[in-house]
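Taken in order, the sequence shown gives residues 10 to 293; the numbers are from my numbering.
Quick notes on the structure that follows.
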Amino acid sequence: MTSRVIHPDWPDTIAAYLHAQAAAGRPPSTRETRRQHLTHLARRVESGPWALTSAQLAAYLGAQGWARETLRGRRITLQSFYRWAIASGCTEHDPTEPLERIAPGRPNPRPVPDDVYLEALWRADDTERLWIDLAAEHGLRRAEIAGIHARDLVPTLLGYDLRVHGKGGKPRIVPLTSPMASALLALAEHGGWLWPGEEMGHVSARWLGKRVNRLLPGDWTIHKLRHRAATRFWVHSGGDPYVVADLMGWANLAMVRTYVALPSDRLRSVVERASRAGERQRVG
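Right, here's the structure in full:
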C-alpha cells in the first residue's frame, strides 16, 4: 500500500475523536500517539473511516512489517477509535471486531551492552549525552525526557529527584545522580522546558528518539537503553521487582520480565547450587 491523499472524511473525524479523548482525560502524549496512528492509516487506505472493511484493515496491518508489540499498539488505537465512533453515533460497524486477537510476545529483554552504550556517549554531543543517560541510567522513556520542565526538579535531603510525567499521565519520582542533577539544574536556571521545541513547547519525542537512535549501531534504540536501566536497577536492588517497577513507572510487575535480562552469572549460580555437586558442597 502506498501513501495517498487522505479521504475527506478522515481529518474532521480524527479531530473529533481526539477532542473526545481530551475530554476523557487522556494525556497529550497518548492523544498524539493515537493521532499519528490514525493519520498513518488514513494515508494508506482508499476508504473513509465508515466504509473501511475488516479485510482492508487486515491488509493494511499485515503490509507494514511491524513487530508484534507495535501491532498490538495500533490495534488498541483502532479499537478505541471505533468504540468512540459507535458510541457517538458515527457508525454502527466496527471493522476491528473480526480481526484475530494479537497475543503478547514472549519476554525478550535486550539491554544495550556496555561497549555500544559507551560508544554512543563518545559520539554524542552534550545534549545527546544527557538524553542517553536519562534513558540508560534513569530509565526514562523518550517522551518523558522530551517533556522535562524546570519545575520537575525537586530538591530533597539527599540531592535532587525528578518528577517524571509517565505514560498515560501517571507521575513518578526518579532520584537523579549528582552529575545529572547538576546538568539539569544548569539548564533549568531560566525556567521553562529544558529542551524547548514545537511540540506543546518542548522538543518532539520522535525527533529526540531519532537523534539518539542514529548514535546507536544496528538495531539498538533508545528504548533498549531503558532495558539497560531496568536490568541494572534489578541487579543493584538485589532483584527487588517492586523497586524496579517503581523506578520504571510500571503498575504491572510482569513488565519486569519484559525488560530485565537476568545476568548469566546469576543463572549459572542457581544451576550450580541446585546440582549434585552443589548439594555435596553444602553437605561437606
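Note that beta-carbon positions come from the ideal geometry of N, C-alpha and C, so glycine has one too.
Asked, Found
"Whole-number beta carbon distance between residue 40 and residue 31, since they are thought to touch under 8 Å", "6 Å"
"Rounded Cβ spacing between residue 141 and residue 217 (contact assumed at less than 8 Å)", "Rounded, the Cβ-Cβ distance is 11 Å, inconsistent with contact."
"Reference residue 85, options 56, 98 and 47, closest by Cα", "47"
"Exposure of residue 20, with buried meaning 16 or more beta-carbon neighbours within 10 Å", "exposed"
"Nearest-angstrom Cα separation, counted from residue 207 out to residue 221", "18 Å"
"Contact set for residue 152: own chain, Cβ-Cβ below 7 Å, skip 5 residues either direction", "38 and 214"
"Whole-angstrom C-beta distance between residue 16 and residue 68, which should lie under 8 Å", "Actually they are not in contact, since the Cβ atoms of residue 68 and residue 16 sit about 16 Å apart, beyond 8 Å."
"Residue 265, buried or exposed, once every other Cβ within 10 Å from all chains shown has been counted against 16", "buried"
"Beta-carbon proximity of residue 256 to residue 183, cut-off 9 Å", "yes"
"The region 226 to 240 in contact with the region 143 to 152 per 3-pair CB rule at 8 Å", "yes"
"Supposed close pair residue 58, residue 24 - CB separation, criterion 8 Å", "In fact, because the Cβ distance is near 12 Å, the residues do not count as touching under 8 Å."
"When 277, 166, 89 and 130 are compared against residue 187, the one with the closest alpha-carbon", "166"
"Segment limits, alpha helix (DSSP H) that includes residue 267", "264 to 268"
"Among 136, 262 and 269, nearest to residue 244 - alpha-carbon criterion", "269"
"CA nearest to the CA of residue 111, picked from 29, 83 and 195", "83"
"Rounded straight-line distance, which links the Cα of residue 190 to that of residue 131", "20 Å"
"CB contact flag (residue 356, residue 211, <9 Å)", "With the chain running from 10 to 293 in the structure shown, residue 356 is simply not present."
"Residues near residue 10 by beta carbon distance below 8 Å, same chain, minus five either side", "The pLDDT assigned to residue 10 is 47, lower than 50, so where the model puts this residue is not dependable, and the model offers no usable value."
"Contacts around residue 27, its chain only, beta-carbon distance under 8 Å, and the 5 residues preceding and following it disregarded", "40, 43 and 44"
"Cβ neighbour criterion (16 or more within 10 Å) applied to residue 121", "buried"
"heavy atom of the ligand NAP below 8 Å from residue 259 C-beta", "In the structure shown, the ligand NAP is absent, as is every other ligand, since no ligand is present at all."
"CB contact flag (residue 162, residue 172, <9 Å)", "yes"
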